[in-house]
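Read the structure below first, then the notes.
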Ligand code: GLU
């Protein structure tokens, strides 16, 4: 039984664009409603919840009537600006159904690296959590260009977990967890249930640092786990196809892959 997530009081949950939208970029209403209901319930159970949500670019592009994926940076940024509004409108409405307040937090790399801005961000998160809000975080895509981009929301969510000293980060993915081999190529590949050390073997099966090969962007998830380990936070990857898996994880049932840094015994 996993105890690290059963005991986690402060949790960051990351959901990606592909889990929230259809191919067209339109919102998957059933999925987002279910996610909000479960997160509201988890919050009601006494845990602090922070949501890191992507989807702004996809939703914005669909709302703008673009028939292609936004290609240029200004086009992506415009789509993010339009989509972020729409996303927050939906989250606000959904969480209100369960009497929860939400807050939008948009971050970039320099907010995390710059000591004063970092402190401001921490203070804002702490205040929001104290008043019982569910902060909803995304990258500030309107201003973020390469040099100040965090890059992907796996990494952003790990930075947020570290910033607020979360007990656990849960990455909702399109895959069940980390597999010994790419399960799309080898359906018999065994899943790894627990990772205590992130070594060469783990990097290798994740597709190597920086690559997004095959296993649903696993390399960025391993990079996120490294940030979590550094911060003393546990991390889990579970499949967003079955959001009830969040209950399984938090109630100690076997699901996904759990990353919990192995204590060094001297
Ligand atoms: N911030 C981007 C969005 O909201 C997504 C970035 C990512 O998921 O890697 O569309």
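In the working numbering, the protein residues as written are 7 to 272. Just so it is clear, CB atoms sit at the ideal spot from N, CA and C, and this is done for glycine as well.
- Between the ligand GLU and residue 152, a heavy atom-to-CB distance of less than 8 Å is absent.
- Boundaries of the alpha helix (DSSP H) harbouring residue 85: 79-103, taken from the DSSP string.
- Secondary structure of residue 133 (DSSP, three-state): helix.
- In the displayed model, residue 163 falls within a helix according to three-state DSSP.
- Taking C-beta atoms under 8 Å as the contact rule, residue 235 and residue 204 qualify, at a distance of about 7 Å.
- Pairing residue 192 with residue 102, the inter-Cα distance amounts to about 43 Å.
- In the three-state DSSP reduction, residue 20 falls in the strand class (E or B).
- As DSSP reads the structure, residue 190 sits in no beta bridge.
- Counting along the chain, the unbroken beta strand (DSSP E) around residue 242 starts and ends at 240-245.
- Rounded to whole angstroms, the gap between the alpha carbons of residue 32 and residue 231 is 30 Å.
- Distances from the CB of residue 179 to the heavy atoms of the ligand GLU are all 8 Å or more.
- If you check the C-beta of residue 117 against the ligand GLU, you find no heavy atom less than 8 Å away.
- The alpha-carbon of residue 35 is positioned some 14 Å away from that of residue 22.
- Distance between residue 263 and residue 8, taken at the CA atoms: about 11 Å.
- Around the beta carbon of residue 121, a 10 Å sphere encloses fewer than 16 other beta carbons of the protein chains shown; the residue is thus reported as exposed.
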